[in-house]
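Numbering (our numbering), first residue to last: 9 to 144.
Where a beta carbon is used, it is the ideal one built from N, C-alpha and C, also for glycine.
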């Protein structure tokens with residue numbers, strides 16, 4: 009599936025607050041792709057964002073995926089999911105593969121879903137990052 013790299017990064021970035029630096033909960037340090045969404049949950053913060061990758065159900069290591077996508081300059085990328093790998097191919101033919109977990113074990117069943125989602129203000133993630141080091 010061909011998608012815009014910057015829009016994909018924007019969707020990934022919008023779910024970053026729900027990631028753990030290490031796996032506190034199973035898959036809490038991964039982006040979970042399921043039902044056309046990116047989902048993250050670290051036992052405190054639940055985030056989801058729409059992503060145009062229908063049919064992909066997988067958990068992918070967050071840091072390696074984002075770090076690789078930020079290095080590329082392509083406007084459009086191709087994302088496909090094989091048996092054990094998420095493969096991203098750029099317009100110039102460069103290719104990266106990321107090991108995936110096909111079984112989704114992220115514990116989000118107990119998280120209540122709001123009836124209506126509110127859009128966060130611009131710069132919210134930067135503000136949260138700034139206070140993370142001084143909040144217990």
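Check                                                                                                       : Outcome
Own chain, CB closer than 7 Å to residue 12, minus 5 neighbours either side, in chain order                 : 83, 84
In DSSP terms, what residue 76 is bridged to                                                                : Answer by DSSP bridge pairing: none, since residue 76 is not bridged.
Three-state secondary structure (DSSP) of residue 94                                                        : strand
Run of the alpha helix (DSSP H) containing residue 133, from where it starts to where it stops              : 132-140
Every unbroken beta strand (DSSP E) within the stretch 11-77, with a cutoff of 3 residues, ordered by chain : 38-42, 45-49, 54-58, 66-69
Exposure label - residue 143; buried when at least 16 CB within 10 Å                                        : exposed
Spatially closest choice to residue 41 from 56, 66, 136, 26, by CA coordinates                              : 66
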